[in-house]
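Participant: Pasting a structure here, questions to come.
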Amino acid sequence: MTVMMGSEGLRRRAWLLALVLGAAAAAPPSLAAEGAAAADGVQGAGGAGEAAGRPSEDEVRAVEQRGHQIALYLQAAARAREMGQRREGGMAPPDRVVVVEGQEGWQVFFLKNPDPASKAKGVLLLGTAGFDPTSGSLGVPVTKVPAAPAPTSTLTYLRALDTAEAAAANDQNARPPYDEAVFKAADGGYEIYLKSSPKDAATVQAGADLLVRVTANGRQVIGSEPYHAGATALPLAPRPPGQPTLHMHGEEDLPSPTDVAMVLLHPELAPHLVMTPHYLFRIDAQGKLTFLGPSPGGGAGPAP
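So the sequence shown is numbered by the working numbering: it starts at 7 and just counts up by one.
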């Protein structure tokens with residue numbers, strides 16, 4: 007969904023936008039390095055000083071890194087679906103595509119749902135292809151003739167995706183259709199990112215995304231984490247050079263990994279600003295996440 011605002015909401019957004027764009031224009035390139043000193047000078051009563059300080063570099067880089075991984079996954083999956091539709095290697099178009107991140111490269115699995123009229127039971131593997139995350143290229147598919155039962159490990163990834171989608175049905179924020187990315191977590195479970203996709207190809211949706219954590223067998227949800235409620239539709243129309251795009255977080259004080267992935271997949275949005283309750287960040291076309299300083303306005307609205 008797209009957040010709809012009345013005249014007061016639009017006036018407040020325009021006021022905040024003017025503040026943010028002014029801050030971004032005045033920010034020198036070295037602000038990321040100098041931000042710690044600047045932000046540390048912002049103090050308030052009680053715990054406000056800590057909230058108004060600077061997020062740790064580890065936090066910022068973790069968001070950036072996961073955003074890059076999500077973008078690569080979505081890129082690999084999109085190219086795999088296109089490859090399947092072209093029937094490259096004589097392979098039938100897949101019903102599902104799963105991308106598995108590995109230490110020796112990424113592997114794409116082309117899958118076919120069970121056919122009730124066929125003697126073969128379960129999900130079938132139509133073929134595989136290697137994906138190079140450095141170049142973003144998808145290799146020539148290795149077609150299975152005849153199609154074979156999908157590997158158990160691949161089926162677990164698929165099951166985790168299905169479990170996450172079922173959990174998302176109860177979420178009031180994220181809505182299908184989704185762009186999906188699934189990764190093996192450090193604890194052996196799975197982390198699934200569901201990014202809502204707008205129906206209008208001329209816009210990109212920021213927000214209304216969901217992270218779902220699933221057990222190692224792919225069957226049970228451990229927990230879910232919505233990424234900023236509501237959504238902002240960002241037009242992909244050309245803008246004057248250097249003019250940033252913007253969306254705001256109502257609660258979370260860090261951009262989400264899906265924010266970084268969004269800009270990587272749509273570099274025409276860059277520079278993109280993310281304004282949180284206490285901080286201001288910039289994402290460039292290469293997916294570099296930069297802390298700019300305290301959020302302009304301090305969360306206050308315009309005078310009546």
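Virtual Cβ for every residue (Gly too), placed ideally from N, Cα, C.
#1: Which residue marks the beginning of the alpha helix (DSSP H) containing Thr158, and which one marks its end?
#2: At which residues does the alpha helix (DSSP H) containing Arg67 begin and terminate?
#3: When DSSP builds the beta bridges, which residues end up paired with Glu107?
#4: Is it right to say Gln292 is buried, meaning 16 or more other beta carbons lie within 10 angstroms of its own, or is it exposed?
#5: Rounded to whole angstroms, what's the CA-CA distance from Leu286 to Leu80? Just pull it up for me.
#6: Is the beta carbon of Thr238 less than 8 Å from the beta carbon of Gly213?
#7: Going by DSSP in three states, Pro200 sits in which element: helix, strand or coil?
#8: Met268 lies in the alpha helix (DSSP H); which residues open and close that run?
#9: Does Ala33 come out as helix, strand or coil in the three-state DSSP assignment?
#10: Taking Cβ positions, are Pro283 and Asp259 nearer each other than 8 Å?
#11: Which class does Leu275 belong to by DSSP, given the choice of helix, strand or coil?
#12: Determine the DSSP secondary structure at Pro152, reduced to helix, strand or coil.
#13: Just checking my contact of Ala77 with Leu271 at CB under 8 Å: how many whole Å lie between their CB atoms?
#14: Please return the same chain residues whose Cβ sits closer than 6 Å to the Cβ of His255, not counting the five positions on each side in sequence.
#15: Could you tell me the boundaries of the beta strand (DSSP E) in which Pro250 lies?
Facilitator: In short:
#1: Thr158 to Ala174
#2: Glu63 to Gln91
#3: Trp112
#4: exposed
#5: 26 Å
#6: yes
#7: Correcting the residue identity first, residue 200 is Leu in this sequence and not Pro. In the structure shown, Leu200 sits in a strand (DSSP, three-state: E or B).
#8: Pro263 to Leu271
#9: Reliability fails at Ala33, whose pLDDT of 49 lies under 50, so the model's placement of it is uncertain and the value that follows must be treated cautiously. Correct three-state label for Ala33: coil.
#10: yes
#11: helix
#12: strand
#13: 5 Å
#14: His234 and Thr282
#15: Note, Pro250: premise wrong, no beta strand (DSSP E); not H, not E.
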